[in-house]
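**Q** There's a structure below that I have some questions on.
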Amino acid sequence: MNPKVKRILNYVLSFALAAFFLYIAFRGSDIHAIIESIERAKWGWLLLFIPIALLSHIIRAWRWLYFLEPIKKGIRKRNLFYAVMIGYFFNSILPRFGEVARPYAIKKLEDIPLRTAVGSVIVERFLDLLFLVMLFALSLVFFREEISRAFPTMESWSIVISAASVGVLVFFGFLVFKTDETVVFVHKLNRFVPGKILVKVEELLRKVIDGFKVVHNREKYLVMFLLTLFMWFLYVLQFYVVFYAFNFVSNYGLDLLSALVVMVISSIGIIIPTPGGTGTFHFFCMASLSRLFNIPEGQALGYATSVHAVGYLFLLAAGAIALMLANINIAEAGAAKVEHDA
39 MNPKVKRILN YVLSFALAAF FLYIAFRGSD IHAIIESIER AKWGWLLLFI
89 PIALLSHIIR AWRWLYFLEP IKKGIRKRNL FYAVMIGYFF NSILPRFGEV
139 ARPYAIKKLE DIPLRTAVGS VIVERFLDLL FLVMLFALSL VFFREEISRA
189 FPTMESWSIV ISAASVGVLV FFGFLVFKTD ETVVFVHKLN RFVPGKILVK
239 VEELLRKVID GFKVVHNREK YLVMFLLTLF MWFLYVLQFY VVFYAFNFVS
289 NYGLDLLSAL VVMVISSIGI IIPTPGGTGT FHFFCMASLS RLFNIPEGQA
339 LGYATSVHAV GYLFLLAAGA IALMLANINI AEAGAAKVEH DA
């Protein structure tokens, strides 16, 4: 298929999914109840979401430094932060766009090879997926019956995702410690896999190998683990502080553990590729609040809409500022995306 046609179809599908999930989230809802819940929200608590989110992005940039240090010493942390925010900016416009814009930005700012930068982002995303799976398992410890009742297929899917994650982790282990043997094994698959697909797979492997160079720097393991743990705690805290904006703590007894569950289910939802998580976040956040904690749908949708709007506008504004400070224009990043997809 022509790459340009393929990109257009992917974008159309993405916007269609956003529209679909917005429809099922708001279908049959009392719009007046949603508006009233937003109007009654304590905006001081809601806006507290922003500095916590900002800190989480700083931590992400700091963690990324450890992935790239083996490639280049003396990388400036502010450039890493700019690149992270540029990635979020483009992900807010088109799904997965930021996964290319972010490596492109750090390539331009710090002269990091693009393939290495892309590989580091792939490895980083896999690390985050592992943490998400672990946090979902923790959620099941406390809310297994409620989650199984509210989302009948989610537990089954989590088992599949967990098994796949373990499989990928084992494969990555071989790739890191038995690199040559693993590449030879993959190359032998040319008898079973079409040539074009195998070329793409081998290119992906080269990117991942570059991204995993940090794994050989074992003294950084603990630091990276602690940074990741703190970053995910901040994600949970973002949801928790907004509970106070909507009186969910005093009226419904929601706590930090409740915020963990809502964050995890919302994060699973936004794996579905829509622009900035539009639609998917609204649905899964609303559903987790209403089905697990009996929050009225109007209030749950008011919460989901407010969190998404504040987070979305913050990422657009911060990303636009990062683009200006980094002196990168949208056309450049778009060209990098086209080249990557080709």
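This note's numbering puts the first residue of the sequence shown at 39, with every later residue one more than the last. Where is the CB? At the ideal position from N, CA and C, for every residue including glycine.
Which whole-angstrom value is the C-beta distance of Thr343 and Ile76, which I expect to be below 8 Å?
**A** Contact flag correct, Cβ pair sits at about 7 Å.
**Q** Evaluate Trp81 with the Cβ neighbour count: other Cβ atoms within 10 Å of its Cβ, from every protein chain shown; 16 or more gives buried, anything less gives exposed.
**A** Looking at its Cβ environment, which holds fewer than 16 other Cβ atoms inside 10 Å, Trp81 is exposed.
**Q** With H, G and I counted as helix, E and B as strand and the rest as coil, what does DSSP make of Ala99?
**A** Helix, per DSSP.
**Q** The ligand SAH and Ala358: does the residue's C-beta get closer than 7 Å to at least one heavy atom of that ligand?
**A** The ligand content of the structure shown is nil, which means the ligand SAH is not present either.
**Q** By Cβ distance, which residues of its chain are closer than 8 Å to Arg101, with the 5 residues on each side in sequence left out?
**A** For Arg101, where only same-chain residues beyond five positions count, the Cβ hits under 8 Å are Glu162, Met262, Leu265, Thr266, Met269.
**Q** Among the candidates Ile308, Leu275, Pro313, whose CA atom is the shortest distance from the CA of Leu292?
**A** For Leu292, the nearest C-alpha among the options comes from Leu275.
**Q** Is there contact between the stretch 164-184 and the stretch 315-322, where contact requires at least three CB pairs shorter than 8 Å?
**A** With a cut-off of 8 Å, the stretch 315-322 and the stretch 164-184 do not count as touching, because too few Cβ pairs lie within range.
**Q** Using DSSP with H/G/I as helix, E/B as strand and the rest coil, what is Pro151?
**A** Here Pro151 sits in coil by DSSP.
**Q** Within 10 angstroms of the Cβ of Met362, are there 16 or more other Cβ atoms? Answer buried if so, exposed if not.
**A** Looking at its Cβ environment, which holds fewer than 16 other Cβ atoms inside 10 Å, Met362 is exposed.
**Q** On a CA-only basis, which of Val171, His346, Ile131 is nearest Ile306? Give me that one, please.
**A** Nearest of Val171, His346, Ile131 to Ile306, Cα basis: Val171.
**Q** Judging by CA-CA distance, which residue of Ser130, Pro311, Ala143 is the nearest neighbour of Phe58?
**A** It is Pro311 whose Cα lies nearest to the Cα of Phe58.
**Q** Please report the Cβ distance between Val156 and Pro141, rounded to the nearest whole angstrom; I am assuming they are in contact, meaning their Cβ atoms lie under 8 Å.
**A** Contact holds; Cβ gap of about 5 Å.
**Q** Do you know how far the Cα of Lys145 is from the Cα of Ala338?
**A** Cα-Cα distance, rounded: 41 Å.
**Q** Does Leu86 come out as helix, strand or coil in the three-state DSSP assignment?
**A** Of the three classes helix, strand and coil, the one that applies to Leu86 here is coil, per DSSP.
**Q** Should Leu86 and Ile150 be called a contact, given that it needs their Cβ atoms to be closer than 8 Å?
**A** No.
**Q** Which first and last residues belong to the alpha helix (DSSP H) in which Ala347 is found?
**A** Looking at the DSSP string, the run of the alpha helix (DSSP H) that includes Ala347 is 335-364.
**Q** Between Tyr120 and Ala360, is the Cβ-Cβ spacing less than 8 Å?
**A** Cβ atoms of Tyr120 and Ala360: closer than 8 Å.
**Q** Looking at the secondary structure, which residues open and close the alpha helix (DSSP H) in which Leu292 lies?
**A** Run containing Leu292: none; DSSP gives neither H nor E here.
**Q** Might you give, ordered along the chain, the residues of its own chain that have their beta carbon closer than 8 Å to the beta carbon of Leu93, omitting 5 neighbours on each side?
**A** Within the same chain, Leu93 has close Cβ partners Leu272.
**Q** Could you give the DSSP three-state label for Gly66: helix, strand or coil?
**A** Correct three-state label for Gly66: coil.
**Q** Given this structure, state the Cα-to-Cα distance separating Gly349 from Ala91, to the nearest angstrom.
**A** Looking at the two C-alpha atoms, the distance is approximately 8 Å.
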